[in-house]
Amino acid sequence: MSTALSRRRFLAMPAAFGAASLLPGGFAAALAEEAPPMPDLSDWGKVRAQFDLDPAWLHFASFYLASHPKPVRDAVEAWRRAIDRDPYQTVEHNGYSEDPAEWVPGHVLAAIAGYVGGRAGDIALTHNTTEGLALVYHGLPLKPGDEVLATAHDHYSHITSIAYATRRAGASMRRIALYEDAATATPDAMVGRLLQAVSPRTRVVGLTWVHSSTGMRLPVREMVDALKERHPDVLLVVDGVHGFGSTDVAAATLGADYFCAGCHKWMFAPRGTGMVWASAENWARLTPIVPDFSEIEGWNAWIEGRERKGPTTAERMTPGGFQAFEHQWGALAAFRMHEAMGRARVGARIRELNDQLKADLAGIRKVRLHTPMSGELSAGLVAFEVDGLKPEDVVKRLLQARIVASSSPYAVSYARLAPSLVNTPEEVERAVRAVRAIAGA
Numbered sequence: 064m065s066t067a068l069s070r071r072r073f074l075a076m077p078a079a080f081g082a083a084s085l086l087p088g089g090f091a092a093a094l095a096e097e098a099p100p101m102p103d104l105s106d107w108g109k110v111r112a113q114f115d116l117d118p119a120w121l122h123f124a125s126f127y128l129a130s131h132p133k134p135v136r137d138a139v140e141a142w143r144r145a146i147d148r149d150p151y152q153t154v155e156h157n158g159y160s161e162d163p164a165e166w167v168p169g170h171v172l173a174a175i176a177g178y179v180g181g182r183a184g185d186i187a188l189t190h191n192t193t194e195g196l197a198l199v200y201h202g203l204p205l206k207p208g209d210e211v212l213a214t215a216h217d218h219y220s221h222i223t224s225i226a227y228a229t230r231r232a233g234a235s236m237r238r239i240a241l242y243e244d245a246a247t248a249t250p251d252a253m254v255g256r257l258l259q260a261v262s263p264r265t266r267v268v269g270l271t272w273v274h275s276s277t278g279m280r281l282p283v284r285e286m287v288d289a290l291k292e293r294h295p296d297v298l299l300v301v302d303g304v305h306g307f308g309s310t311d312v313a314a315a316t317l318g319a320d321y322f323c324a325g326c327h328k329w330m331f332a333p334r335g336t337g338m339v340w341a342s343a344e345n346w347a348r349l350t351p352i353v354p355d356f357s358e359i360e361g362w363n364a365w366i367e368g369r370e371r372k373g374p375t376t377a378e379r380m381t382p383g384g385f386q387a388f389e390h391q392w393g394a395l396a397a398f399r400m401h402e403a404m405g406r407a408r409v410g411a412r413i414r415e416l417n418d419q420l421k422a423d424l425a426g427i428r429k430v431r432l433h434t435p436m437s438g439e440l441s442a443g444l445v446a447f448e449v450d451g452l453k454p455e456d457v458v459k460r461l462l463q464a465r466i467v468a469s470s471s472p473y474a475v476s477y478a479r480l481a482p483s484l485v486n487t488p489e490e491v492e493r494a495v496r497a498v499r500a501i502a503g504a
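Next up, the structure:
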């Protein structure tokens with residue numbers, strides 16, 4: 064059986080294949096000796112114990128860059144030791160094996176597919192959200208006169224990816240506001256603004272699932288349904304990083320044409336890991352911009368001096384070159400950890416902590432919430448301001464109380480607290496007391 068056929072068959076297997084066990088094959092037993100099995104994660108205290116965070120601080124900014132939990136640390140270290148002992152055989156055998164059971168990236172893809180609700184063959188491995196967005200926008204067949212519609216709420220990486228791609232293609236970008244005040248925005252109003260803004264020139268819409276500026280979680284499914292009903296040919300690109308791992312939603316069911324996310328935030332995967340999900344039809348629309356190292360057809364075409372055959376695939380869009388393989392392959396442990404915890408359970412816990420924080424902050428005089436109170440329109444980020452204080456001053460005052468908070472890096476900035484699985488209801492109470500003291504209430 065050819066390498067290409069083997070990998071295609073592997074990538075078409077049910078997503079549960081990668082979630083059912085660790086890796087089969089001769090090297091798995093040796094690796095398992097160095098990487099202990101998944102620990103008991105049946106209560107949140109046991110989950111928090113997996114993180115090597117400094118206990119002298121309350122950590123409310125874990126969404127920025129996650130601390131590696133123990134299962135991920137163990138996996139990364141096991142692969143690092145294996146590569147250090149024998150770089151050539153470890154990477155050549157596990158990274159470029161002709162045997163699909165031994166091809167480690169395929170198991171990572173299968174685990175991600177099981178989490179997002181798609182197929183392994185629909186996922187491209189990237190290093191972060193920024194890279195994923197750039198791959199998609201630069202791969203789109205934009206031409207002079209085309210327009211990409213974005214919003215005023217998108218992050219620098221999203222807007223800049225669009226700007227670079229439209230400039231290169233002779234197309235244009237237009238930005239709109241979906242709301243004036245996130246705290247009072249409604250799904251119907253946001254859907255209406257989006258539909259009203261689509262023009263005959265609009266070919267692509269870019270949205271951010273959870274706005275790191277305000278904590279707003281867009282009703283993406285409703286927006287997709289409305290957009291596709293009126294404009295079925297308009298493509299939708301979603302930056303999904305702050306909803307990925309913090310909500311009980313399978314990304315592949317949102318309805319987006321392209322879903323881009325880093326895995327080193329709410330998913331707890333190794334730093335420098337990310338993914339893009341799209342259907343086979345939508346991958347076929349794109350033109351690759353970075354050589355891949357995984358699709359055998361590309362190597363065969365190069366060796367034979369001919370053009371590649373077949374449509375663009377996720378595998379062909381995956382950036383090649385030598386990677387931090389121990390991190391890429393260690394991502395499997397993060398998705399197995401989320402599988403063990405349960406997406407519904409994780410989403411409910413994060414919602415519980417954030418609902419508690421919002422309710423308590425809303426009761427403090429001189430504090431104004433900018434994140435919607437509704438759990439359907441928010442996720443794990445809570446943005447607020449204290450009357451008379453700059454966001455950076457609020458963050459400094461919280462640091463003096465040994466609480467790690469952050470401010471949103473936007474033109475209009477707010478202080479942010481982000482309760483996650485590393486926090487407890489008692490820690491949320493302490494954070495609220497600190498904000499109350501800062502506000503002088």
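Start counting the sequence shown at 64; every next residue gets the next number (my numbering).
Virtual Cβ for every residue (Gly too), placed ideally from N, Cα, C.
Here the C-alpha atom of residue 472 lies approximately 24 angstroms from the C-alpha atom of residue 427. About 6 angstroms separates the beta carbon of residue 371 from that of residue 361, a gap short enough to meet the 8 angstroms contact definition. With respect to the 8 angstroms criterion, residue 491 and residue 440 are not classified as neighbours on the basis of their beta carbons. For residue 398, the enclosing alpha helix (DSSP H) has its first and last residue at 388-404. Annotation: the continuous alpha helix (DSSP H) that includes residue 107 extends over 107-111.
CA-to-CA, the gap between residue 253 and residue 159 works out to about 46 angstroms. Leaving aside the five residues that flank residue 175 on each side, the residues in its chain whose CB is nearer than 7 angstroms to its CB run, in chain order, 186, 338, 398.
Across the structure, residue 407 and residue 414 are spaced so that their CA atoms are roughly 10 angstroms apart.
In this structure, the beta-carbon distance from residue 169 to residue 315 does not fall below 8 angstroms.
Contact between residue 211 and residue 266 holds, since their C-beta atoms are separated by about 7 angstroms, short of 8 angstroms. Distance check between residue 349 and each of 154, 134, 195 places 195 closest, using alpha-carbon atoms only. Taking residue 469 as the centre and dropping the five residues before and after it, the same chain places the C-beta of 124, 479 closer than 6 angstroms to its C-beta, in chain order. By the Cβ neighbour-count rule, residue 306 is buried, with 16 or more other Cβ atoms within 10 Å of its own.
In the three-state DSSP reduction, residue 102 falls in the coil class, being neither helix nor strand. Boundaries of the alpha helix (DSSP H) harbouring residue 142: 133-148, taken from the DSSP string. According to the DSSP assignment, residue 210 belongs to the beta strand (DSSP E) that extends over 210-214. Rounded to the nearest angstrom, the Cβ distance from residue 246 to residue 433 is 5 angstroms, consistent with a contact under 8 angstroms. Around residue 352, the same chain offers 198, 201, 202 as residues with beta carbons nearer than 7 angstroms, after the five sequence neighbours per side are excluded. Setting aside the 5 residues that flank it on each side, residue 501 is surrounded in the same chain by 449, 452, 457, 460, 461, each with a C-beta closer than 8 angstroms to its C-beta; the list follows chain order. Taking residue 378 as the centre and dropping the five residues before and after it, the same chain places the C-beta of 357, 358 closer than 6 angstroms to its C-beta, in chain order. A contact is defined here as three or more CB-CB pairs under 8 angstroms, and the region 129-144 meets this definition with respect to the region 380-392. By DSSP's assignment, residue 323 forms a beta bridge with 302, 339. Judged by DSSP in its simplified three-state form, residue 238 adopts strand.
Residues 200, 201 of the same chain have their beta carbon placed closer than 6 angstroms to that of residue 228, with the five preceding and five following residues left out of the count. With respect to the 8 angstroms criterion, residue 309 and residue 443 are classified as neighbours on the basis of their beta carbons. Contact between the region 206-222 and the region 230-250 is established, with three or more Cβ pairs separated by less than 8 angstroms. Bounds of any alpha helix (DSSP H) do not take in residue 375, whose DSSP letter is neither H nor E. Excluding the 5 residues flanking it on each side, residue 485 has same chain C-beta neighbours closer than 7 angstroms at 111, 114, 116, 122, 125, in chain order. Residue 278 sits away from residue 495, with the two beta carbons spaced by 8 angstroms or more. Spanning the alpha carbons of residue 503 and residue 429 requires a straight line of approximately 8 angstroms. Approximately 7 angstroms separates the beta-carbon atoms of residue 270 and residue 214; this is inside 8 angstroms, confirming the contact. The C-alpha of residue 127 is placed about 30 angstroms away from the C-alpha of residue 345. Counting only residues of its own chain and dropping the five nearest sequence neighbours on each side, residue 222 has a CB closer than 7 angstroms to the CB of 213. Residue 284 and residue 381 have their alpha carbons spaced roughly 27 angstroms apart. The Cβ atoms of residue 328 and residue 129 lie closer than 8 angstroms to each other. Scanning its chain for C-beta atoms nearer than 8 angstroms, with the 5 sequence neighbours on each side dropped, one finds around residue 109 the residues 102, 103, in chain order.
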